[in-house]
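Counting from 19, one number per residue, gives the positions in the sequence shown under this note's numbering.
Ideal Cβ placement from N, Cα and C applies to all residues, glycine included.
Model, not experiment: these values are computed from the prediction.
What follows is a set of notes on a single structure, which appears directly below.
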Amino acid sequence: MVVQEIAPASSLTARLHRLVVTVDHKQLGLMYSATALLFLVVAGVPNNGLISPQVFNRLFTMHGTAMVFLVGMPLIAGLMNYLVPLMIGARDMAFPRLNAFGYWMFLFGGLLLYASYLTAPGLAGHGSAPDVGWFAYAPLTGRAFSRGHSTDYWILALLVSGIGS
């Protein structure tokens, strides 16, 4: 009598499930690094046309925020997650679930930051990025210069991403 093996439902589904629930420091380190490089590609596209001051403020704000909070810091966190346990001979990071929670908060904060393009009505009535600069100085955060809720999404995204770090 021949016994037939039943194949798993979907290897892609199984792999995605393993990624979502992983607490492995190496896997989380690679996920941090790959997501940071993806954000680098999104935020690093140059705009070569002539732009208005409002568009310049939006690009300046989003570029600076994305490079610091979504690329630079997560790349360092990814390297630390991947290399430090290997360097000290540990099996895993301390508090692996908290480590995984930090990654997912960072990812959600980055997606929330980019969602400000789509959800916040800008000067023309459609979605626009926040235009308050890297430091959100007081003149640029007033109603005269920053209409809509894009600045609110920007601050919320930084808070959520900061919780992940």
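- Under the three-state reduction of DSSP, Met-91 is assigned to helix.
- The stretch 72-87 and the stretch 144-157 touch, with no fewer than 3 CB-CB distances between them shorter than 8 Å.
- Boundaries of the alpha helix (DSSP H) harbouring Tyr-171: 168-182, taken from the DSSP string.
- Inter-residue distance for Thr-83 and Val-41 is about 28 Å (C-alpha atoms, whole angstroms).
- Only residues of its own chain outside the window of five on either side were considered, and among them Ala-54, Phe-57 and Leu-58 have a CB closer than 6 Å to the CB of Val-89, listed in chain order.
- Between Ala-95 and Ser-183, the CB-CB gap stays under 8 Å.
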